[in-house]
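Enquirer:
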Amino acid sequence: MTTTHFHQSIQLIVLALLFLGLPLAHARTDCTQVTQIPQTECEARLDLYQRTKGHAWKKKWDWGYTNEPCDWHSRKNSAFAVAGVTCKSGHVTVLHLNNNRLNGPIPQSISHLTQLRYLFLAKNRLTGPIPDSLSNLSQLTKLWLNDNELSGTIPDLLGKLDQLKELLLNGNQFKGTISEVINQLNQLDFINLAQNQFSGLFPKSLTSLSKLIIDDKHLTHSVCTIVTQIHQAECRSLYEFYRQTNGPVWKNNAGWNKSKTPCDWQGITCHDGHVTRLELSDNQVSGSIPNSMGYTLSQLTSLKLAHNQLSGKIPPSFGHLTQLTTIELNHNQLSGTIPVPIGYLSQLERLELSKNKLSGYIPTSLKHLKRLSSLNLSGNQNISGSICPYVTEIPQAECEALLHMYHSTKGKHWKNNNGWNSTNTPCDWKGISCNYGHVTRLELDYNQLSGPIPKSIGNLSQLKSLSLDSNKISGPIPESIGYLSQLQRLVLSNNQLSGPIPESIGNLSQLKNLYLSDNQLSCDEIPTSLKNSSTTVRCW
């Protein structure tokens, strides 16, 4: 083949490649030949491509392969208007390279894109600091650098971007304080700084933003420094509660430490500039309750934190929350004693502390809670004392008689002792029925009672049915049963009772059924009055 023929063959191959639309390996953009945009803008874009490993981008389009850089973009997609490059009036106005595997630093030369309005570089692997030269992009309105590996501080020079409306820096490794220069960004209405390592105080200037997202554990009281809805002391108390109870892993922590409107945070209700309700039951709240809450949330009326994993002690400072009507801390892992100051909450109507690890005496101060309608201490480790001083639905004497029965027959070991000596509503205790403010039925058959029946049983003056069948009750039948003048049914069979049948039982004029079989009683000595009555008696 002659030299002439060789050159002709090469020309034909090149023409064929061009015809097929395939890029030539040696073809590269020559910015000196570009006419669509200024040479400096072309070079800036090539520099970005090279410094962020453009050859490994997810989508490269025609970057660096043609002299028409305004065509370095893909077609419209569903997520954004345009991906790649957009030009207008001979300048680059949009760089859209989100989620495109850019890797490396943002070059200083990006400052040459002076007419850039949107810079979208989110969800890549960009590293290093934000270049100071970025401040030269005076037309920039949206800057998305979120979800990269950028580090360092926010440059003060960003304050020169006075057209900026959106600034997304979340999901990086930024440190230091949030500079007051943000105050110069008069057009800014949305900023996201979450998931970084900022420290110090929040700039007051952020209070004017329509949307603010911030969630950083190193910030001092974080968003509270810009809150105006409630007193800062209350916000700081909520913030401390959030931190101390592992707020980031709650089931629902919407708004907490992220928005500047705490009255919209999950579980928070406000009124007249104060927090009035904190309700986060069944929300995977763990850790301890900070003592500061009692000194700052002065207008709190409802505290509901039931069914969580709270531990530690109930703060004594709760005694300062004088507006509280409801405390629900049941089904947690709280320990220690019930704080005495809780008894000074004169508005308290409901106190639920069941299913914890509380111990010690029931504080006598609770008797001052005149409005208390529901008190539940059941299922705790070792609470002692009497619930009766806090009972209002039956006479004290009847309540004490029930507790004597509970203690005498080893109530802690009953098969079912729900409510006994743990709630202030004895009419709801296992085996108890009431009518018109008196106990009318005491029925605990097959319940593993053991020990003697106490004499105080005679104080249940309105009792109509006493049934304790099939237990391990021992000792004599007390004479005081004869005081139960309304009794119609007495069932004590299948126990270990012994001794004579009391003569006083013959005084029970309303008695219809007397079942005493399978005991060790002297059935030959049934009172004459019973033999001559219509009462059904079974003793053998």
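In my numbering, the protein residues as written are 1 to 540.
Heads up, the beta-carbon is just placed ideally off N, CA and C, and yes, glycines get one too.
1) On the DSSP letters alone, give me the boundaries of the alpha helix (DSSP H) that residue 127 sits inside.
2) Expressed to the nearest angstrom, what Euclidean distance is found between the alpha-carbon atoms of residue 489 and residue 505?
3) Is residue 102 near residue 126, with beta carbons less than 7 Å apart?
4) Report the residue from 418, 460, 336 whose alpha carbon sits nearest the alpha carbon of residue 395.
5) Taking its Cβ as the centre, do 16 or more other Cβ atoms sit within 10 Å of residue 382, making it buried, or is it exposed?
6) Whose CA, out of 313, 266, 263, 279, lies closest to the CA of residue 287?
7) Curious, which full-length beta strand (DSSP E) runs of at least 3 residues does the stretch 92-173 contain?
8) Apart from the five residues on each side of it in sequence, which residues of its chain come closer than 6 Å, Cβ to Cβ, to residue 78?
9) Between the stretch 251-268 and the stretch 320-335, can you find at least three pairs of beta-carbon atoms closer than 8 Å?
10) By Cβ distance, which residues of its chain are closer than 6 Å to residue 363, with the 5 residues on each side in sequence left out?
11) Can you list, in chain order, the residues of its chain whose CB lies under 7 Å from that of residue 279, leaving out five sequence neighbours each side?
12) How many angstroms separate the CA atom of residue 269 from the CA atom of residue 118?
13) Got a sec, what are the start and stop residues for the beta strand (DSSP E) residue 357 sits in?
14) Quick check on this structure: which residue in 499, 334, 470 has the alpha carbon closest to the alpha carbon of residue 309?
15) Take residue 294 as the anchor and find which of 236, 332, 257 has the nearest alpha-carbon.
16) Nearest to residue 370 by CA position, among 360, 348, 449, 162, is which residue?
17) Quick check on residue 220: buried or exposed, where buried means 16 or more other Cβ atoms within 10 Å of its Cβ?
18) Who are the near neighbours of residue 508 in its chain, counting only those whose CB is closer than 6 Å to its CB and skipping five residues on each side?
19) Relative to the C-alpha of residue 521, which residue among 498, 152, 514, 511 is closest?
20) For residue 289 and residue 315, I'd like the C-alpha separation in whole angstroms.
21) DSSP three-state label for residue 534, please.
22) Can you tell me whether residue 234 is buried or exposed, with buried defined as 16 or more other CB within 10 angstroms of its CB?
23) So, at 7 Å on beta carbons, what are the nonlocal neighbours of residue 292 in its own chain, with the 5 sequence-adjacent residues on each side left out?
24) In the DSSP assignment, the alpha helix (DSSP H) including residue 239 goes from what residue to what residue?
25) At the 7 Å Cβ level, is residue 353 part of the contact set with chain C, yes or no?
26) Look at the alpha carbon of residue 230 and the alpha carbon of residue 121, and state the distance between them as a whole number of angstroms.
27) Hey, out of 480, 485, 492, whose CA is closest to residue 473's CA?
28) Taking all protein chains shown into account, decide if residue 384 is buried (16 or more other Cβ within 10 angstroms of its Cβ) or exposed.
29) Please return the same chain residues whose Cβ sits closer than 6 Å to the Cβ of residue 128, not counting the five positions on each side in sequence.
30) Relative to the alpha-carbon of residue 388, which residue among 354, 372, 451, 424 has its alpha-carbon at the smallest distance?
31) Quick one: what's got a C-beta closer than 8 Å to residue 444's C-beta in the same chain, skipping five residues either side?
32) Give the DSSP bridge partners of residue 489, in chain order.
33) Tell me residue 277's beta-bridge partners as DSSP assigns them.
34) Cutting at 7 Å between CB atoms, please list the residues of its own chain near residue 253, excluding the five before and the five after it.
35) With 16 as the cutoff for other CB atoms within 10 Å, does residue 527 come out buried or exposed?
36) Identify every run of the beta strand (DSSP E) within the stretch 317-398, keeping only runs that are complete inside it and at least 3 residues long; order them along the chain.
Expert: So, to answer that:
1) Unbroken run through residue 127 is the beta strand (DSSP E), 125-128; no alpha helix (DSSP H).
2) 12 Å
3) yes
4) 460
5) exposed
6) 313
7) 103-105, 118-120, 125-128, 142-144, 149-152, 166-168
8) At residue 78, the pLDDT of 33 sits below 50, so the modelled position is not reliable; the number obtained from the coordinates is stated separately. Counting only Cβ-Cβ distances below 6 Å, and skipping sequence neighbours, we find nothing.
9) no
10) 338, 340, 343
11) 267, 302, 304
12) 39 Å
13) 357-361
14) 334
15) 236
16) 348
17) Bear in mind that the predicted position of residue 220 carries a pLDDT of just 46, short of 50, making it too unreliable to give a figure here.
18) 487
19) 498
20) 7 Å
21) coil
22) buried
23) 237, 240
24) 232-244
25) Among the chains of the structure shown, chain C does not appear; only one protein chain is present.
26) 37 Å
27) 492
28) exposed
29) 105
30) 424
31) 414, 430, 431, 467, 468, 471
32) 465, 513
33) 269, 302
34) 247, 266
35) buried
36) 326-328, 333-336, 350-352, 357-361, 374-376, 382-384
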